[in-house]
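2 protein chains.
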Amino acid sequence: MVKSIYLDYAASREPNPSSIHELGVAAKKKLEKTRGDVASVLNARPEEIIFTSGGTESNNLAIQGIVYTAGELGVKNFTSVPHIVTTNIEHPSVLETCRLLERRGLAEVSIVPVEENGIVDPKKIRKKIKKNTVLVSVMYTNNEIGTIQPIREIAKEIRHYKKTITYKLEPRTYPIFHTDAVQAVNYLDLNVEKLGVDLLSLSGSKIAGAGRVGVLYKKKSVPLQNIFGGGDQEQGLRPGTENLPAILKFSSALTETRKIKEKESKRLMKLRDYFLVKLEHSHILKNIGMLVNGDHENRLPNIVSITFPKIPSDLLVIELSAQGIMCSSKSACKSASGEGSYVIKALRPGVDPEIGALRFSLGGDTAKKDIDYTIRILSKILTKLKKWYT
Amino acid sequence: MVKSIYLDYAASREPNPSSIHELGVAAKKKLEKTRGDVASVLNARPEEIIFTSGGTESNNLAIQGIVYTAGELGVKNFTSVPHIVTTNIEHPSVLETCRLLERRGLAEVSIVPVEENGIVDPKKIRKKIKKNTVLVSVMYTNNEIGTIQPIREIAKEIRHYKKTITYKLEPRTYPIFHTDAVQAVNYLDLNVEKLGVDLLSLSGSKIAGAGRVGVLYKKKSVPLQNIFGGGDQEQGLRPGTENLPAILKFSSALTETRKIKEKESKRLMKLRDYFLVKLEHSHILKNIGMLVNGDHENRLPNIVSITFPKIPSDLLVIELSAQGIMCSSKSACKSASGEGSYVIKALRPGVDPEIGALRFSLGGDTAKKDIDYTIRILSKILTKLKKWYT
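Here the protein sequences come in this chain order: R and W. The opening position of the first sequence corresponds to residue 1 in my numbering, with each subsequent residue numbered one higher. The opening position of the second sequence corresponds to residue 1001 in my numbering, with each subsequent residue numbered one higher.
Shown next, in the form of structure tokens:
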């Protein structure tokens, strides 16, 4: 065994997968093994996995990367700037990125409104696709209301569209299909071939025990440009030293959550339905009323979104928090803005945006007694507030 | 003590500083306290600290953020696209970002070559500044050769330039001055007022025990746009849930390394000089020769960069690694490219790029016996290779 002396502090305090010495090579091997593990969860190839800093970056890389490539290539048959089709309930890291590119004159964006049940009609997506459409971005599941979008059907519409277009010289690359699967990771099928997607975003922040790391799956044939300038890491698509410790944590946590996915889905679905039934039958609601947001069938097992039409949800979040129950009223990413949830607004145009919705999202540690306790406390709070708000 | 039930899994598995419930508020408080701690190290205000995913992102945010703002504002007196002045030995995350923006038609870039000693002449920077110059970006210390750039003097040149320009309506905002201080963090003064910089990048990856996190200091008056679209985190300049655990680690590690900075600098400087003197006096070098790269005075205490004019440095890195000594031949960020170091090329145009340089970077665990061992092994390797390469 040779003595090991580390004189590469300027590269990184931890072994850097890009260093060419022994420790660097060992780190690189670990990184590539892990890339393979993550790829196999998605039924993808290792070289189709790009590690990023999180879900927001993955979505940005997907959208900006496609727009820059198309814009720079001056892709044939483009009569104007690259065009994106998306929906009105995407995560802010998708919607705001589209708006950013539009404001900078780099893209044109069509936003398809979802139906009343929070699900988008694939035909309406198809209708918006035109000659300069380079990207369709539709989330797999919504983060506020938990609805599952018809990804396979949208993929089919895109494939059909591509067939209707005839090209003399090149195969039809665009539109590329991207899905934000951040909220789907614990419960749904992530087989990219079955889903029919070209790009798919994941984030460690929604997986128990995973490090803060993001993944962008990029189908090999998809042309993509980097957002960041810098080193050659991640095929140059994501410069910067890879966060190997977090990537290792992410990969084992991903494997773990996929292993228990069916069992956990069933368990949470039962809890979720129990929660809703109990609430719906509560006598407290007689003068208050309650709306359950999002489709009743196509939804995540762990998200319950409800609106009490007269009581502001922010107030309920604070009242519940004071009793030790942590839930939310909208995407935490948009909590600093004074406005209500744009997702609930899209579904319930009749409801005052300040009312919004209450989101309870369940997880690995959630037990029936927690639900019972939550219902008891919520009833108390509603009883207290009822006289002021009804 | 109230019971705590977490029903906000969809926001994040760990308390999310953007959640409005109690745990979110507590996380936010911790985040803001930490922001204040980091700010005080830089003699800055808390609101001038933006947390990012790393040094590469901090440099990108500084450069792209300035260019987007200027480009969008259509700043007065700009006759063409925004112009950047930088040097030819910046880190890839600066140089490649400038090139990226230039290739996309969003910026024009002037690259000032450093002198033979690896230090840039502030007058030469000044000469390149013109009406549409929005940004000057010069690294504090070079990552490959360890030279310290005259940041204060460059800041003075920029201030003088601003005074020569008269504006009818607005105070002169541009050029903004950015420095990449990633390699300076353990050893040099980081007082942004004394340095006279408007933007400064830091990275956790160069600090012992710090998490993978980056910081961009942004002077309050500096107009900057976000790269990523998304949530409102970090004043909207860096959307995405903050990596609180890593930020906390970063902050304590930063405080720790700043505390021992003088003592460690002296210790490493002694080791570094011992290393060089021993090498220079080694009889092995008689027929080989050795060049020490970078200025002998203005340099980091922990970086030794040497060139053996006839022996390829990549080969030496591999040979040393086989004997347990981890060092490098160039920036790990560019190790995937087959080319030699552009930094060494800039300093030593006469040396074959394949020869390059050997970088030994010392750190907290480096002791005199490690240096002795390294010299012994290096001598052995040079003796072996001498017959083939001289």
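The beta carbon of each residue, even a glycine, is placed where N, CA and C say it ideally should be.
Discussion item. Can you tell me whether G1211 of chain W is buried or exposed? The criterion is at least 16 other CB atoms within 10 Å of its CB, across all chains shown.
Written reply: buried
Practice prompt. Would you grab the beta carbon distance between S1019 of chain W and A1011 of chain W for me? Rounded to a whole angstrom, and I think it's under 8 angstroms.
Written response: 5 angstroms
Worksheet item: So, is N287 of chain R buried or exposed, given that buried needs 16 or more other C-beta atoms within 10 angstroms?
Response: exposed
Fill in: chain W contact for T374 of chain R (CB, 8 angstroms cutoff)
yes
Worksheet item: M326 of chain R CB to nearest chain W CB: under 8 angstroms?
Response: yes
Worksheet item: Around the C-beta of M1001 of chain W, are 16 or more other C-beta atoms found within 10 angstroms, so that it is buried, or is it exposed?
Response: Residue placement at M1001 of chain W cannot be trusted, given a pLDDT of 48 that sits under 50; what the coordinates show is reported in the next sentence. Exposed.
Item to complete: With 8 angstroms as the threshold, decide whether the Cβ of H83 of chain R is near any Cβ in chain W.
Response: no
Practice prompt. Would you verify that the beta carbon of L1100 of chain W is, or is not, closer than 8 angstroms to some beta carbon of chain R?
Written response: yes
Worksheet entry | Residue of R:S93, R:N16, R:T86, R:E48 minimising C-alpha distance to I151 of chain R | R:T86
Discussion item. Does the CB of A1010 of chain W have a neighbour CB from chain R at under 8 angstroms?
Written reply: yes
Discussion item. So T1257 of chain W and A1208 of chain W are supposed to be a Cβ contact under 8 angstroms. How far apart are they, rounded?
Written reply: 7 angstroms
Practice prompt. Within the stretch 151-188 of chain R, note down every full beta strand (DSSP E) run reaching 3 residues or more, in order along the chain.
Written response: 176-180
Worksheet item: What is the DSSP secondary structure of L1416 of chain W, reduced to helix, strand or coil?
Response: Only positions 1001 to 1390 of chain W appear in this structure, which leaves residue 1416 of chain W out of reach.
Discussion item. I'd like the ranges of any beta strand (DSSP E) spanning at least 3 consecutive residues and lying wholly in the stretch 281-323 of chain R.
Written reply: 303-307
Worksheet item: Which same chain residues, not among the five before or five after L1316 of chain W, have their C-beta less than 6 angstroms away from its C-beta?
Response: L1358
Worksheet item: Which residues bound the alpha helix (DSSP H) around E1102 of chain W?
Response: 1092-1103
Practice prompt. Could you tell me if E297 of chain R is buried or exposed, where buried requires 16 or more neighbouring beta carbons within 10 angstroms of its beta carbon?
Written response: exposed
Discussion item. Check this for me: beta carbons of V192 of chain R and I158 of chain R, under 8 angstroms apart or not?
Written reply: no
Item to complete: Please confirm if the stretch 1376-1388 of chain W is in contact with the stretch 1110-1130 of chain W, defined as three or more CB-CB distances below 8 angstroms between the two stretches.
Response: no
Discussion item. Within a Cβ cutoff of 6 angstroms, which residues of the same chain sit near I1311 of chain W, ignoring the five residues on either side of it in sequence?
Written reply: L1385, Y1389
Practice prompt. Taking 8 angstroms as the cut-off, decide whether the C-beta atoms of H91 of chain R and A107 of chain R are in contact.
Written response: no
Worksheet item: Which partner residues does E108 of chain R have in the DSSP bridge list?
Response: R:H83
Worksheet item: Which of the residues in the stretch 298-309 of chain R, read from start to end, lie with their CB under 7 angstroms from any CB of chain W?
Response: N302, I303
Worksheet item: For the putative contact between G196 of chain R and K156 of chain R, defined by C-beta atoms under 8 angstroms, what is the C-beta separation to the nearest angstrom?
Response: 7 angstroms
Worksheet item: Can you tell me the Cα-Cα spacing of E1032 of chain W and S1305 of chain W, whole angstroms?
Response: 40 angstroms
Worksheet item: Of all the CB atoms in chain W, is at least one closer than 8 angstroms to the CB of Q149 of chain R?
Response: no
Worksheet item: For R1258 of chain W, which of helix, strand or coil comes out of DSSP?
Response: helix
Worksheet item: What first and last residue would you give for the beta strand (DSSP E) that runs through R1359 of chain W?
Response: 1358-1361
Worksheet entry | Expected contact under 8 angstroms - CB spacing of R1045 of chain W and K1220 of chain W to nearest Å | 6 angstroms
Worksheet item: Of all the options R:E242, R:N302, R:G289, R:L237, which has the alpha carbon lying nearest to the alpha carbon of R267 of chain R?
Response: R:N302
Worksheet entry | For L1224 of chain W and I1066 of chain W, believed in contact at Cβ under 8 angstroms, the rounded distance | 6 angstroms
Worksheet entry | Residues of the stretch 100-115 of chain R whose Cβ lies closer than 7 angstroms to any Cβ of chain W, in chain order | L100, R104
Discussion item. Which residues in chain W have a C-beta closer than 7 angstroms to the C-beta of F360 of chain R? List them in chain order.
Written reply: L1007
Fill in: Pairwise C-alpha distance: V134 of chain R and I1355 of chain W
45 angstroms
Worksheet entry | Euclidean distance between Cα positions of K194 of chain R and G204 of chain R | 23 angstroms
Practice prompt. Measure from the C-beta of L1023 of chain W to each C-beta in chain R and report whether the shortest distance is under 8 angstroms.
Written response: yes
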